[in-house]
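Peer 1: Numbering (our numbering), first residue to last: 922 to 1225.
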C-alpha cells in the first residue's frame, strides 16, 4: 500500500434496532488498528469520530420519513452529509478512507464522499441485501436500506444526500447473502446488481466469487469501495454483531476474501469500511480484533 490511510469513526446506531454498534469504532481502535497498520508500513492518521446524536436526544417518530416508516431519517441524513464531507476531504488529500462503524447506514455517507468526483464500483460483503426501501422495509431501519439509498431506489430517487449518481447498479456486487426479506429478494432479482449468496460461495468457492465481484465492481470505473459488514462472517467467528445469521464465512475464508480484494483491486481500491461491530454482544472483543485483522488483509498484509 503506497497511499496513506485516513481513519474515521462513525459511532452510529440510529439505523439499527439493537444498541451497541455506536461503540464499534472505539472497540476496533482498542483492538490495535493503528499498530497493525504501522506494522505494514502504512502511513495512517486518525481523524477521530464524526458527531452522531444519541437516540435519547433524537426522537424516532419526529425523525421519520414523511410516510412515517423510516426511523431517525433526519438525523441519519445529517450524519451521512457530515461523513461524506470528511471522506471527500480525505480523498482530495490523496488518502484511502478507512471508515469504522457503527451500523451500515453510514455507507451512504462513505460512498457519497468517495463518489463525488469519480465513477465508483462497490463490493458489499454482507449477510443481508440492504436493498429495502421505506415502503418495503419490515423494520424501518436505515441500515437495511443502504444499497437502495445509494442507488436512488424508491423514496431515495430524488435525494441529494443519499443517491450517488456516479454509482451504477451494474458495478455493485454483493457477496455472502443469506438473509433477505421477500420484497427485497424480488427487487434484487430484477435489478442490475450482481448478488452472490452463500450457496454460490459453497458451490464455487469464496476466492472465485470474490474475484468476480471485484471484476464487476471495477469494470469501467475510477475506483472500488469495499464495504465489510462483520455479519458476513459466521457468528461463531464474529459473535459481536447486531444481526447475526448462521452459515457465514469462516475465519480463514474471511481473510482469503480480503486478500483477494487486496490483490485484485490494487491501486483501484478507493475506500474501505468495516461496520456493525457491537461490543455489547461480543466475547472479549473478538469481533473487533477480527475486524482489524481483516482490514489489514484488505490493505495488503500477507502470510508470506
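Glycine is no exception: its CB is placed at the ideal position from the N, C-alpha and C atoms.
1. Look up residue 1129 in the DSSP assignment and say whether it is helix, strand or coil.
2. Got a sec, what are the start and stop residues for the beta strand (DSSP E) residue 931 sits in?
3. At the level of alpha carbons, what is the spacing between residue 1091 and residue 1044?
4. Just tell me which of 1002, 1053, 1054, 1046 has its CA closest to the CA of residue 1032.
5. Check residue 1028 in the structure and name its three-state DSSP category.
6. Taking the C-alpha atoms as reference points, what is the distance between residue 1180 and residue 1152?
7. Under a Cβ-count criterion, where at least 16 other Cβ atoms within 10 Å of its own Cβ denotes burial, should residue 1186 be classed as buried or exposed?
8. Please go through the same chain and pick out, in chain order, the residues whose beta-carbon is closer than 8 angstroms to the beta-carbon of residue 1106, but skip the five residues on each side of it.
9. Answer with buried or exposed for residue 1056, where buried requires no fewer than 16 other C-beta atoms within 10 angstroms of its C-beta.
10. Using beta-carbon positions only, say whether residue 1094 and residue 1083 come within less than 8 angstroms of one another.
11. Entirely within the region 962–1018 and at least 3 residues each: give me those beta strand (DSSP E) ranges in chain order.
12. Please report how far the alpha carbon of residue 1211 lies from the alpha carbon of residue 1159, in whole angstroms.
13. At the level of alpha carbons, what is the spacing between residue 1119 and residue 937?
14. Tell me which same chain residues have a C-beta within less than 7 angstroms of the C-beta of residue 1065, skipping the five on either side of it?
15. Tell me whether the beta-carbon of residue 971 lies closer than 8 angstroms to the beta-carbon of residue 1004.
16. Just mark residue 1013 as buried or exposed, buried being the case when its beta carbon has 16 or more other beta carbons within 10 Å.
17. Since residue 1193 contacts residue 1219 with CB under 8 angstroms, what's their CB separation in whole angstroms?
18. Kindly list the residues whose CB is nearer than 6 angstroms to the CB of residue 944, restricted to its own chain and excluding five residues on each side of it in sequence; keep chain order.
19. Quick one: give me the first and last residue of the alpha helix (DSSP H) that residue 949 is part of.
20. Between residue 1162 and residue 1129, is the Cβ-Cβ spacing less than 8 angstroms?
21. Going straight from the alpha carbon of residue 993 to that of residue 1025, what length do you get?
22. Does the distance from the CB of residue 1046 to the CB of residue 1127 come in under 8 angstroms?
23. Beta-carbon within less than 8 angstroms of residue 940's beta-carbon, same chain only, minus the 5 sequence neighbours each way: which residues are those?
24. Are the beta-carbon atoms of residue 964 and residue 925 separated by less than 8 angstroms?
25. In three-state terms, what does DSSP make of residue 1060?
26. Can you have a look at residue 1157 and say buried or exposed, based on whether 16 or more other CB atoms are within 10 angstroms of its CB?
27. In terms of DSSP beta bridges, what is residue 1190 paired with?
28. Just checking my contact of residue 967 with residue 955 at CB under 8 angstroms: how many whole Å lie between their CB atoms?
29. For residue 999, which option in 1081, 1124, 1175, 1122 has the closest C-alpha, if you only look at C-alpha atoms?
Peer 2: Reading it off the structure:
1. helix
2. 926–931
3. 11 angstroms
4. 1002
5. helix
6. 18 angstroms
7. buried
8. 1050
9. exposed
10. no
11. 965–970
12. 7 angstroms
13. 23 angstroms
14. 1049, 1051, 1053, 1058
15. yes
16. exposed
17. 6 angstroms
18. 1200
19. 945–951
20. no
21. 14 angstroms
22. no
23. 934, 976, 1201
24. yes
25. coil
26. exposed
27. 1145
28. 7 angstroms
29. 1081
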